[in-house]
Structures are given as structure tokens and as C-alpha cells.
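Worksheet: the structure to be examined is printed underneath.
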Amino acid sequence: MDGIAALYDAFNARDIDAVLARFAPDVDWPNAWEGDRVVGHAAVRDYWLRQWDVIHPEVHPQRIRALPDGRVEVLVHQVVRDHDGDLLADTEVLHTYTFSRELVSRMDVGDPGGRPSPGVP
Numbered sequence: 005m006d007g008i009a010a011l012y013d014a015f016n017a018r019d020i021d022a023v024l025a026r027f028a029p030d031v032d033w034p035n036a037w038e039g040d041r042v043v044g045h046a047a048v049r050d051y052w053l054r055q056w057d058v059i060h061p062e063v064h065p066q067r068i069r070a071l072p073d074g075r076v077e078v079l080v081h082q083v084v085r086d087h088d089g090d091l092l093a094d095t096e097v098l099h100t101y102t103f104s105r106e107l108v109s110r111m112d113v114g115d116p117g118g119r120p121s122p123g124v125p
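Everything in the sequence shown is counted per the numbering used here, starting at 5 for the first residue and increasing by one.
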């Protein structure tokens, strides 16, 4: 769980390589911005680069907790702006990580109330 906050720091700094180094090669990632999911490092990289061309998301962990099944749940404060700095979203989102051999193998996005939620990362 110690590395989770570092993942968010790297994401917010747009350091894709640092984030992907902590992901399994076949990571299953939500494409919450456009819908659907992406699989693998190349697909996640492409998704983020396309996203960052249009919007500027930042996510900051508020709470990190281990779940009994080994997953890790992170409550994040998510702020999304356009490139002019105009606020598009300011909300709390729930990220749930699944791991394989200490690497992130999957991430799911939901809202803190338990409903599926559109999220950007």
C-alpha cells in the first residue's frame, strides 16, 4: 500500500513510465473518460496521452485502505480542468486496485456511495 500514493504523484506529474513500472504488463484499466476499458501498457499510455491532450485531471488520495480480499481501495479527490484552467469536475471518486505479484493488474472506478461512477484516470 505504500506505493499507492507514489502512483498518484507520478500520474499527476504525467510521469507515465513511473506509473507503468508498477503495473502488470496486461493491466486492465478503466477508460472512464470515453467508456470501456484498456488493456496493457501501450493501451494505457495511449489512453492517458489522448486524455491529457484534451483535459487536465488531478487525483489526490484522501484515504487508502486494504480490503479483506487483498485489493486496495483509495478514496480520491478528483479535479478535472480544461487546458484554459476552467473547472470541469471536482468530486470524490473511489478507485479499487487488484494486484498480481505486487503489480497493479486492474483498477475499477466507482463513487463513494457504491454506484458506478464516471471517473477520469
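Cβ coordinates follow ideal geometry from the N, Cα and C atoms, glycine included. Being a predicted model, the structure only gives us computed values, none of them experimental.
With which residues is residue i paired in a DSSP beta bridge?
i: ILE68; result: VAL78
i: ASP88; result: Its beta-bridge partners do not exist; DSSP assigns none.
i: GLU62; result: VAL83
i: SER104; result: LEU107
i: ASP94; result: VAL83
Please go through the same chain and pick out, in chain order, the residues whose beta-carbon is closer than 8 angstroms to the beta-carbon of residue i, but skip the five residues on each side of it.
i: ILE8; result: PRO65, ILE68, VAL76, VAL78 and TYR101
i: ARG41; result: ASP32, TRP33, PRO34 and ASN35
i: ASP86; result: VAL58, ILE59, HIS60 and LEU92
i: ARG110; result: VAL31, ASP32, TRP33, TYR101 and THR102
Quick one: measure Cβ to Cβ for residue i and residue j, integer angstroms, because I've assumed they're closer than 8 angstroms.
i: VAL31; j: GLY44; result: 7 angstroms
i: HIS99; j: VAL113; result: 6 angstroms
i: GLU96; j: PRO116; result: 5 angstroms
i: ALA46; j: SER104; result: Not confirmed; about 18 angstroms, so no contact.
Which same chain residues, not among the five before or five after residue i, have their C-beta less than 6 angstroms away from its C-beta?
i: VAL84; result: ILE59, PRO61, LEU92, ALA93 and VAL124
i: GLN82; result: VAL63, THR95 and VAL97
i: ASP88; result: none
Can you list, in chain order, the residues of its chain with a C-beta nearer than 7 angstroms to that of residue i? Leave out the 5 residues immediately preceding and following it.
i: ILE20; result: ARG49 and TRP52
i: LEU11; result: VAL23 and ARG26
Under 7 angstroms between C-beta atoms, does residue i make it to chain B?
i: TRP56; result: Here there is only one protein chain, and chain B is not present.
Subject >> Segment contact flag, the segment 40–54 with the segment 72–89, C-beta cutoff 8 angstroms, min 3 pairs >> reply: Contact between the segment 40–54 and the segment 72–89 is absent, because fewer than three Cβ pairs lie under 8 angstroms.
Original post:
Enumerated in chain order, which unbroken segments of the alpha helix (DSSP H) with a length of 4 residues or greater are wholly contained in the segment 6–56?
Top reply: The segment 6–56 contains these whole alpha helix (DSSP H) runs: 6–16 and 20–24.
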